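Going down the list, the sequences are from chains A and B. Position in the first sequence counted from 1, then plus 19, gives you our numbering. Position in the second sequence counted from 1, then plus 19, gives you our numbering. Yeah, the Cβ is synthetic: ideal placement off N, Cα and C, and Gly gets one too. Everything numeric in this text was worked out from a predicted model, so none of it was measured. I have placed the structure first, in the form of structure tokens, so that the comments after it can refer back to it.
Number of protein chains: 2
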Amino acid sequence: MDKTKYILDEKKMPTHWYNVQADLPEPLPPYLHPGTKEPTRLPPPLFCEEINKQEFSKERYIEIPDEVQEVYRVWRPTVLQRAYRLEKFLDTPAKIYYKYEDSSPAGSHKPNTAIAQAYYNKKEGVKRLSTETGAGQWGSSLAFACKLFDLECKVYMVKVSYNQKPYRRIMMETWGAKCVASPSIDTKVGRDLLAKDPNNNGSLGFAISEACEDAFSRDDTKYSLGSVLNHVLMHQTVIGQEAMLQMEMAGHYPDVVIGCVGGGSNFAGLALPFMKDKLTGKKKNTRFIAAEPTSCPSLTKGPYTWDLGDVAGMAPIAKMYTLGHDFMPPPVHAGGLRYHGMAPVISHLAKLGFIEAKAVPQIATFEAGITFARTEGFISAPETNHAIRVTIDEALKCKETGEAKTILFIHSGHGHFDMSAYESYLSGKLVDYDFSDEAMKESLKTLPEIPAQFK
Amino acid sequence: MDKTKYILDEKKMPTHWYNVQADLPEPLPPYLHPGTKEPTRLPPPLFCEEINKQEFSKERYIEIPDEVQEVYRVWRPTVLQRAYRLEKFLDTPAKIYYKYEDSSPAGSHKPNTAIAQAYYNKKEGVKRLSTETGAGQWGSSLAFACKLFDLECKVYMVKVSYNQKPYRRIMMETWGAKCVASPSIDTKVGRDLLAKDPNNNGSLGFAISEACEDAFSRDDTKYSLGSVLNHVLMHQTVIGQEAMLQMEMAGHYPDVVIGCVGGGSNFAGLALPFMKDKLTGKKKNTRFIAAEPTSCPSLTKGPYTWDLGDVAGMAPIAKMYTLGHDFMPPPVHAGGLRYHGMAPVISHLAKLGFIEAKAVPQIATFEAGITFARTEGFISAPETNHAIRVTIDEALKCKETGEAKTILFIHSGHGHFDMSAYESYLSGKLVDYDFSDEAMKESLKTLPEIPAQFK
Numbered sequence: 020m021d022k023t024k025y026i027l028d029e030k031k032m033p034t035h036w037y038n039v040q041a042d043l044p045e046p047l048p049p050y051l052h053p054g055t056k057e058p059t060r061l062p063p064p065l066f067c068e069e070i071n072k073q074e075f076s077k078e079r080y081i082e083i084p085d086e087v088q089e090v091y092r093v094w095r096p097t098v099l100q101r102a103y104r105l106e107k108f109l110d111t112p113a114k115i116y117y118k119y120e121d122s123s124p125a126g127s128h129k130p131n132t133a134i135a136q137a138y139y140n141k142k143e144g145v146k147r148l149s150t151e152t153g154a155g156q157w158g159s160s161l162a163f164a165c166k167l168f169d170l171e172c173k174v175y176m177v178k179v180s181y182n183q184k185p186y187r188r189i190m191m192e193t194w195g196a197k198c199v200a201s202p203s204i205d206t207k208v209g210r211d212l213l214a215k216d217p218n219n220n221g222s223l224g225f226a227i228s229e230a231c232e233d234a235f236s237r238d239d240t241k242y243s244l245g246s247v248l249n250h251v252l253m254h255q256t257v258i259g260q261e262a263m264l265q266m267e268m269a270g271h272y273p274d275v276v277i278g279c280v281g282g283g284s285n286f287a288g289l290a291l292p293f294m295k296d297k298l299t300g301k302k303k304n305t306r307f308i309a310a311e312p313t314s315c316p317s318l319t320k321g322p323y324t325w326d327l328g329d330v331a332g333m334a335p336i337a338k339m340y341t342l343g344h345d346f347m348p349p350p351v352h353a354g355g356l357r358y359h360g361m362a363p364v365i366s367h368l369a370k371l372g373f374i375e376a377k378a379v380p381q382i383a384t385f386e387a388g389i390t391f392a393r394t395e396g397f398i399s400a401p402e403t404n405h406a407i408r409v410t411i412d413e414a415l416k417c418k419e420t421g422e423a424k425t426i427l428f429i430h431s432g433h434g435h436f437d438m439s440a441y442e443s444y445l446s447g448k449l450v451d452y453d454f455s456d457e458a459m460k461e462s463l464k465t466l467p468e469i470p471a472q473f474k
Numbered sequence: 020m021d022k023t024k025y026i027l028d029e030k031k032m033p034t035h036w037y038n039v040q041a042d043l044p045e046p047l048p049p050y051l052h053p054g055t056k057e058p059t060r061l062p063p064p065l066f067c068e069e070i071n072k073q074e075f076s077k078e079r080y081i082e083i084p085d086e087v088q089e090v091y092r093v094w095r096p097t098v099l100q101r102a103y104r105l106e107k108f109l110d111t112p113a114k115i116y117y118k119y120e121d122s123s124p125a126g127s128h129k130p131n132t133a134i135a136q137a138y139y140n141k142k143e144g145v146k147r148l149s150t151e152t153g154a155g156q157w158g159s160s161l162a163f164a165c166k167l168f169d170l171e172c173k174v175y176m177v178k179v180s181y182n183q184k185p186y187r188r189i190m191m192e193t194w195g196a197k198c199v200a201s202p203s204i205d206t207k208v209g210r211d212l213l214a215k216d217p218n219n220n221g222s223l224g225f226a227i228s229e230a231c232e233d234a235f236s237r238d239d240t241k242y243s244l245g246s247v248l249n250h251v252l253m254h255q256t257v258i259g260q261e262a263m264l265q266m267e268m269a270g271h272y273p274d275v276v277i278g279c280v281g282g283g284s285n286f287a288g289l290a291l292p293f294m295k296d297k298l299t300g301k302k303k304n305t306r307f308i309a310a311e312p313t314s315c316p317s318l319t320k321g322p323y324t325w326d327l328g329d330v331a332g333m334a335p336i337a338k339m340y341t342l343g344h345d346f347m348p349p350p351v352h353a354g355g356l357r358y359h360g361m362a363p364v365i366s367h368l369a370k371l372g373f374i375e376a377k378a379v380p381q382i383a384t385f386e387a388g389i390t391f392a393r394t395e396g397f398i399s400a401p402e403t404n405h406a407i408r409v410t411i412d413e414a415l416k417c418k419e420t421g422e423a424k425t426i427l428f429i430h431s432g433h434g435h436f437d438m439s440a441y442e443s444y445l446s447g448k449l450v451d452y453d454f455s456d457e458a459m460k461e462s463l464k465t466l467p468e469i470p471a472q473f474k
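Written out as structure tokens, the structure reads:
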């Protein structure tokens, strides 16, 4: 009987994160201060020293502290699965593998960085972390991490999700965090917005502003971000490093590496260690595909330009693919993919031609998720269904051409808190959203003015 | 750094189920036909041949078919964890281990038998399985299993849960099963009950009757039960066999083995392979503790006597600890523990003194679950919280006595579909239910009359 599952020995878990900045053919553009427009570090009132150092480091490998490795081992190493049943159902010659990140206590890859961030902040004397969350995957991961390192945690949850997904909020409270709907009355930006528009449903970009203000205004508090930034993506590289060893056990090297992208961190976590082989010329032909929603298509539709990370302009300006920080994505169920921009590292690599992007519509992603559940068993997060959709499409292309390609995708999380989305699909009520070039043009009008030398 | 997690190599997975009937000091009492009151097999219209054979087998080991092993390997072997953080929090010298069964697609140990039952029925030409479910753990597991073996699946879900927990229903539908609220209009017993009492909220014992009628009335359909019966408990012994190898890896043998009991299958799955060592005199001092709710305390309050397995008397009569088949347990969140009886194997071993029982009240179980989530990370099913409660109590006793005992418990499932119960606890709204001896006396009045030779 062939192996279906590749289990790594705990002793072989990575001891270092991989920092792709060491191997980029061109360095990343700097961050710009939202006020002065000068190159800047991450704002020290928001981020502790070690995180700031990691954000700009060029060292290839950064050691994972023992205390972080110890918590990783609550659920890591995660398994690599061969999707035999899916292959058989699709009748494809392709070999499909998936790296399975659902098994963390919070149900996704997110704790890989939450644990590291909580650890460094604790070590530097911080007492409390603030953050934002959309559908709640990130907020619950940070709540879990803060509890383990004995930090207080305050989560600003986008109001539309706060009301629609009470279970993720209760999960955060189970781990002892405080969670409020954003816009909230707990911050000045929140109060100002509510005064103008009491029924405002919030957005991820706005919740970031609230969480930043919270950290700016309290000496005991720093801010924590769950995606986009370099250090976050780097913390996720434990995924890809494990997967490389497991693919070796399986005796295959991936021809195609696939992940869904919102801010970009789960895709980066799987892809970057393999990307090293491409950047260094060892494996020139590996394809990397980022799967995004057609309704929030920063990589496939947005320009590569300078934009704010949040609505109120408290976070630095970054060069990235963006739909404009005022772009309001439609209410797709994949809440984690509803971000206007894209990680600078992913954007940079896409611009340089190392990453392809595919946009997929919502209904087709759930169709893929149902196929996956009915063959492989696992019920996937709506975000993950984007990666599954693109994987199935690639496997079906192999069926046409007869090529027995090896496809590896990241199964970033489970859908246990998203069953109402599945019901919506199964009852035929799920909709696709058109993307409006006009709306994007409108939101791109508020891009920040940038000094000429950075253009 | 000490190991926190014991990962078994796929190659070391058990190839046989362990059948405790081979090692019992006295044989199990027979089943009696609910009509004739004569010793009987399982009704062949309900159960296929191989299942019937396994139910009464005295062979010590029964081979797990390759096809079943192959599906087990979607999520098995499961990990054994050392609960260092919980130990530290409790400041106990006890060593706490847990066998973690949350990682199956359905989120609990239940698929271990669902897969086997679906396989044997498929092999014998059955096209469709019917079953009942309370909170939905079992129904979703059988839905998953049926989809993988291409069987239709019909689930009768206790109406109060059907209405309160729509997400478990959607999970079943995601795997292609049909799920209706019980009492339903799809069976005669259901229609009769609804005619008398249109607002009846259903019970597990009644849903069993509906599922049995469904199978009795259709040639293409057999019935499937998720706990209580011998073959079900036996299929769960993969858990304990894996755990024995993993405890060996850890270098400890458990002094105490703990699990929650409703029908008894998850506890049996972990306990029986260790029980073999006790029954055969190899390890005489191991304690086995079954944790049950104070509100449905069959082992601690019920008599050991002959009773029906279901309300309508379609299933055989078994000798077991029971509160009476008409006993209506209060609506505790641990829906899987709301069964009037107890597995004959567990009952028999408890009667013979090999198993102790502890009843724990609902609020105390959630307090334990919160402690577990805030130390070990994982959010547990309300059922599992009963095992955690008893584990913590035993560990605290060790703190008093200074004994460094080794405690092993089974973490039977996650609480992702039970967050409203956690909210209820966190907001101080959760209640405990008194157990009424009077109510039990009342329900014991309808115990079946049994011929003298079986008394």
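Backbone secondary structure at residue i - three-state DSSP
| i | result |
| --- | --- |
| E82 of chain B | strand |
| E136 of chain A | Correcting the residue type first, residue 136 of chain A is Gln in the shown sequence and not Glu. Three-state result, Q136 of chain A: helix. |
| G278 of chain B | strand |
| Q183 of chain B | helix |
| L356 of chain A | helix |
| K295 of chain B | helix |
| F346 of chain A | coil |
| V251 of chain A | helix |
| A15 of chain B | Not covered by the structure: residue 15 of chain B. The range shown for chain B is 20 to 474. |
Spatial distance of residue i from residue j (CA atoms)
| i | j | result |
| --- | --- | --- |
| P64 of chain A | A133 of chain A | 18 Å |
| K377 of chain B | T319 of chain A | 60 Å |
| G245 of chain B | G209 of chain B | 21 Å |
| S462 of chain A | G282 of chain A | 18 Å |
| E57 of chain B | A230 of chain B | 23 Å |
| L170 of chain B | A226 of chain B | 21 Å |
| S399 of chain A | H433 of chain A | 4 Å |
| Q100 of chain A | V93 of chain B | 8 Å |
| I189 of chain B | V257 of chain B | 29 Å |
| V39 of chain B | A102 of chain B | 29 Å |
| A290 of chain A | Y37 of chain A | 11 Å |
| Y119 of chain A | K30 of chain B | 20 Å |
| V351 of chain B | E311 of chain B | 12 Å |
Within chain B, the residues that residue i reaches when beta carbons sit closer than 8 Å
| i | result |
| --- | --- |
| A41 of chain A | Within chain B, no residue comes near A41 of chain A; the closest Cβ sits about 27 Å away, beyond 8 Å. |
Chain A residues whose Cβ lies nearer than 7 Å to that of residue i
| i | result |
| --- | --- |
| A392 of chain B | T193 and W194 |
| S122 of chain B | S122 |
Contact list for residue i against chain D, beta-carbon separation under 7 Å
| i | result |
| --- | --- |
| K22 of chain A | The displayed structure is made up of protein chains A and B, and chain D is not among them. |
Under 7 Å from the C-beta of residue i: neighbouring residues of chain B
| i | result |
| --- | --- |
| E78 of chain A | The premise fails here: E78 of chain A is roughly 24 Å from chain B at the closest Cβ pair, so nothing lies under 7 Å. |
| I389 of chain A | T193 |
Contacts of residue i in chain A (Cβ-Cβ under 9 Å)
| i | result |
| --- | --- |
| M438 of chain B | P185, Y186, R187, R188, I189, M190, T193 and F436 |
Beta-carbon neighbours of residue i, restricted to chain B and to distances below 9 Å
| i | result |
| --- | --- |
| I26 of chain A | I26, L27, D28, E29 and P96 |
Legend entry - Contact list for the stretch 158 to 185 of chain B against chain A, Cβ threshold 9 Å: Along the stretch 158 to 185 of chain B, going in chain order, the ones with a CB nearer than 9 Å to a CB of chain A are F163, K166, L167 and P185.
Legend entry - Near-chain A residues of the stretch 86 to 97 of chain B (beta-carbon distance less than 9 Å), N- to C-terminal order: So the list reads Q88, E89, V90, R92, V93, W94, R95 and P96, given in the order they occur along the chain.
Legend entry - Under 9 Å (Cβ pairs) to chain B, residues found in the stretch 325 to 340 of chain A: Identification of residues in the stretch 325 to 340 of chain A having a C-beta nearer than 9 Å to some C-beta of chain B yields an empty set.
Inset, instruction - Pull out every residue of the stretch 441 to 466 of chain B whose Cβ sits closer than 8 Å to any Cβ of chain A, in chain order. - result: Close to chain A, meaning a Cβ-Cβ distance shorter than 8 Å, are the following residues of the stretch 441 to 466 of chain B: Y441, E442 and L445.
Inset, instruction - Please name the residues in the stretch 396 to 408 of chain B whose beta-carbon is closer than 9 Å to at least one beta-carbon of chain A, in chain order. - result: Answer set for the stretch 396 to 408 of chain B: G396, F397 and I398.
Inset, instruction - Could you pull out every unbroken beta strand (DSSP E) segment of at least 3 residues lying fully inside the stretch 93 to 174 of chain A, listed in chain order? - result: Fully enclosed beta strand (DSSP E) runs of 3 or longer: 99 to 101, 114 to 119 and 147 to 152.
Legend entry - Inside the stretch 193 to 237 of chain B only - alpha helix (DSSP H) runs reaching at least 4 residues: Whole alpha helix (DSSP H) segments, 4+ residues: 207 to 215 and 223 to 235.
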